[in-house]
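To get our numbering, take the position in the sequence shown, counting from 1, and add 38. All residues carry an ideal CB built from backbone N, CA and C; glycine is no exception. A quick note: this is a predicted structure, and the numbers were derived from the prediction, not measured. The next block holds one structure in the form of structure tokens; read it before the comments.
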Amino acid sequence: MRQKVYSVGQINSYIKNMFTQDFVLNRVSIQGEVSNCKYHSSGHIYFSLKDATGTIACILFASARRELAFRLSDGMQVVADGSVNVYERDGKYQLYVSRVRQSGAGMLYERFLALKQELEEMGMFSPEYKQPIPAFVRKLGVVTAPTGAAVRDIINVSTRRSPGIQIILYPAKVQGDGAAESVADGLRALDALGLDVIIVGRGGGSIEDLWAFNEEVVARAIFECRTPVISAVGHETDTTIADFAADLRAPTPSAAAELAVPDVMAIAESLQMRRESLDRLMKSRISDNRTRAQMRRLRLEHASPAARVWEQRQRLSNLEEEIQNRMQQLLERRRAALALYAEKLKNVSPLEKLAQGYACVTDEAGSRVHSVQGVYPGEVLRIYVRDGCIEAETKKVEKIQL
């Protein structure tokens with residue numbers, strides 16, 4: 039009797055059918071460590087789950103990927119729900135994943151995501167409810183553990199930046215049972231004191247250590263605070279529900295103190311620089327305005343009636359001086375000419391002749407005597423000499439032949 043021979047496809051199909059009919063394999067949850075994780079361009083995720091005893095191939099189709107609340111990566115501990123079946127072409131069985139959830143800390147992370155989504159839908163993280171942090175803080179409230187690096191960092195940074203600041207510490211329990219209620223009580227107690235700002239937080243740790251700040255009671259206490267709240271939980275990479283509810287998130291407690299408390303020295307230096315800049319600006323403005331005012335004054339003086347009058351007065355004064363100069367020159371010329379004429383007249387003047395020894399003779403009637411004719415003996419004649427007049431009686435008249 040000949041043994042029946044089957045094709046590879048027939049055997050693979052038979053095995054696939056066996057897997058399909060198995061109730062356990064159709065709905066199975068497998069826990070293990072993720073390895074060989076690959077995100078395909080199609081949107082599917084291919085990875086393997088392994089433990090100390092073995093490995094199983096897994097595939098998460100793109101249609102089920104939207105249910106994934108985190109990014110898969112190698113080394114992550116997860117629980118994968120789905121069905122085990124055979125891929126006929128390769129003859130390999132694999133887990134067709136419908137849902138992936140983290141195990142251990144991953145479960146807390148899922149709780150974190152669920153609460154975050156719930157509170158976000160309620161509007162507790164909305165920007166319009168965020169209060170601004172005051173620019174100048176004089177009273178600072180701190181809700182944290184009374185011992186540890188967080189409170190020391192906040193106090194050291196705050197007092198260094200503003201030596202006169204008043205810090206009020208509420209010693210809260212920040213880890214373990216009752217920690218969330220302790221933090222919430224501290225927020226409400228400090229909010230009633232009318233402080234300028236409140237810092238709430240603690241140092242770094244695991245997600246379990248920080249879980250008090252992922253509780254709804256803390257988020258509501260922060261949201262209901264009338265005082266602005268800065269969250270400073272863990273390290274820069276840690277993010278909690280308190281960070282979303284707070285008015286401002288700081289990456290570390292030290293950074294929270296820097297954000298809350300102004301640097302007095304830096305402000306003083308900034309004010310000094312601005313004062314000096316303002317002084318320079320004011321001096322420059324005053325100088326520019328003085329120059330413009332001087333120019334406008336000069337233009338106004340030049341265009342004013344008084345300036346016109348002064349200009350005409352100056353012109354008349356110049357003309358007057360010019361006329362006087364010309365008159366002086368004319369007088370000088372006339373005086374010189376007169377002196378010349380006087381010199382000429384001097385040469386023909388009778389007085390000059392008299393001064394030289396000549397005399398002028400007139401009869402009694404005052405007529406000048408030019409000749410002996412008409413002069414008779416006994417006639418009285420007047421003889422004018424240089425310094426006077428002589429009356430003489432004619433004794434004899436004698437004609438001289440020239």
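> Under the rule that 16 or more other beta-carbon atoms within 10 Å means buried, what is LEU231, buried or exposed?
Replying inline: exposed
> How would you call ARG287, buried or exposed, if buried means at least 16 neighbouring beta carbons within 10 angstroms?
Replying inline: buried
> What residue from MET303, ALA102, ILE97 and GLY120 has the CA that sits closest to ASN64's CA?
Replying inline: GLY120
>> Short of 8 angstroms in beta carbon distance, which residues of its chain neighbour GLN517, apart from the five on each side in sequence? Order them along the chain.
In response: A query on residue 517 cannot be resolved here, the shown segment of the chain reaching from 39 to 440 and no further.
>> Here's a check: name, in chain order, each residue in its chain whose Cβ is nearer than 6 angstroms to the Cβ of ASP89, leaving out the five neighbours to either side.
In response: GLY70
> What residue does the alpha helix (DSSP H) around PRO291 start on, and which one ends it?
Replying inline: 291-298
> Measuring CB to CB, does LEU133 end up less than 8 angstroms from ILE68?
Replying inline: yes
> Which residues does DSSP pair with SER45 in a beta bridge?
Replying inline: SER45 pairs with nothing; no bridge assigned.
>> I need the straight-line Cα distance from HIS340 to TRP348, nearest angstrom please.
In response: 10 angstroms
> Roughly how many whole angstroms lie between the Cα atoms of ASP215 and LEU106?
Replying inline: 30 angstroms
> If you follow the alpha helix (DSSP H) that ASP128 is part of, which residue opens it and which one closes it?
Replying inline: Neither: ASP128 is in no alpha helix (DSSP H) and is coded neither H nor E.
> To which residues does DSSP link CYS96 through a beta bridge?
Replying inline: DSSP, once it has assigned bridges, lists PHE85 and LEU133 as partnering CYS96.
> If you drop the 5 nearest sequence neighbours on each side, which residues of the same chain put their C-beta closer than 7 angstroms to that of ALA259?
Replying inline: ALA222, LEU225 and ARG226
> When we look at the beta-carbon of MET56 and count the other beta-carbons within 10 Å, is it buried (16 or more) or exposed?
Replying inline: exposed
> In whole angstroms, what separates the C-alpha of ALA298 from that of SER322?
Replying inline: 38 angstroms
> Smallest Cα separation from ARG127: which of ASP326, ASN50, SER409 and GLU370?
Replying inline: ASN50
>> Taking its Cβ as the centre, do 16 or more other Cβ atoms sit within 10 Å of TYR208, making it buried, or is it exposed?
In response: Around the Cβ of TYR208, a 10 Å sphere holds 16 or more other Cβ atoms; the residue is buried.
> Of the residues MET320, ASP281 and SER315, which one's Cα is nearest the Cα of VAL271?
Replying inline: ASP281
> Given that a residue counts as buried once 16 or more other Cβ atoms are within 10 Å of its Cβ, and exposed if not, what is PHE99?
Replying inline: exposed
> Where does SER200 fall in DSSP's three states?
Replying inline: For SER200, the secondary structure class from DSSP, reduced to helix, strand or coil, is coil.
> Shortest alpha-carbon distance to LYS77 belongs to which of PHE61, THR93 and ILE97?
Replying inline: Contrary to the premise, residue 77 reads as Tyr rather than Lys in this sequence. Comparing Cα positions, the closest option is ILE97.
>> Please return the same chain residues whose Cβ sits closer than 8 angstroms to the Cβ of ILE279, not counting the five positions on each side in sequence.
In response: Hits under 8 angstroms: PHE150, LEU153, LYS154, LEU157, PHE251, ASN252, GLU253, GLU254, VAL256 and ALA257.
>> Among the candidates TRP249, GLU358 and GLY113, whose CA atom is the shortest distance from the CA of ASN74?
In response: GLY113
>> With the cut-off set at 8 angstroms, would you say ILE438 and ALA430 are in Cβ contact?
In response: Between ILE438 and ALA430, the C-beta spacing is not below 8 angstroms.
> Got a sec, what are the start and stop residues for the alpha helix (DSSP H) ASN252 sits in?
Replying inline: Where ASN252 is concerned, there is no enclosing alpha helix (DSSP H), given that its DSSP letter is neither H nor E.
> Which word fits ALA374, buried or exposed, when buried means at least 16 other C-beta atoms lie within 10 angstroms of its C-beta?
Replying inline: exposed
> Just how far apart, CA to CA, sit PRO184 and PRO300?
Replying inline: 23 angstroms
>> Assuming ASP4 and LYS177 are in contact, meaning their beta carbons sit under 8 angstroms apart, how far apart are those beta carbons, in whole angstroms?
In response: Coverage of the chain is limited to positions 39 through 440, which leaves residue 4 absent and any answer about it impossible.
> Going by other Cβ atoms of all chains shown within 10 Å of its Cβ, with 16 needed for buried, is MET162 buried or exposed?
Replying inline: buried
> Leaving out the 5 sequence neighbours to the left and right, which residues in its chain are closer than 7 angstroms to VAL116 when beta-carbon positions are compared?
Replying inline: VAL72, VAL138, ARG139, GLN140, SER141 and GLY144
> Roughly how many angstroms lie between the CA atoms of MET303 and ARG199, to the nearest whole one?
Replying inline: 7 angstroms
> With 16 as the cutoff for other CB atoms within 10 Å, does ILE237 come out buried or exposed?
Replying inline: buried
> Helix, strand or coil: how does DSSP classify LYS177 here?
Replying inline: Three-state DSSP puts LYS177 in a strand.
> Taking Cβ to Cβ, would you say GLY239 is nearer than 8 angstroms to SER196?
Replying inline: No, these two residues do not count as a Cβ contact at 8 angstroms.
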